[in-house]
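Numbering (the numbering used here), first residue to last: 723 to 779.
Since the structure comes first, as structure tokens, the remarks are kept for the end.
Here is the structure:
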């Protein structure tokens, strides 16, 4: 589930950068999209870690 959301975030941000914001540079779009996708992945990993940590108590 986490990986699917990460891919969807990448695609959504990429489309927003291209169509809505109008960023034409492929490199800038790539960096912004990957940054957003990695951020979502890290947030969900941290949340899962906290949930596991609380369940062990």
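Yeah, the Cβ is synthetic: ideal placement off N, Cα and C, and Gly gets one too.
No experiment lies behind these values; they were computed from the predicted model shown.
- For residue 767, the CB contacts under 8 Å within the same chain, skipping 5 residues up- and downstream, are 724 in chain order.
- Per DSSP, reduced to three states, the secondary structure at residue 738 is helical.
- Boundaries cannot be given for residue 743, as no alpha helix (DSSP H) includes it and DSSP labels it neither H nor E.
- With fewer than 16 other Cβ atoms from the protein chains shown falling within 10 Å of its own Cβ, residue 743 counts as exposed.
- In chain order, 739, 751, 754 place their CB closer than 8 Å to the CB of residue 745, counting only its own chain and leaving out the 5 sequence neighbours on each side.
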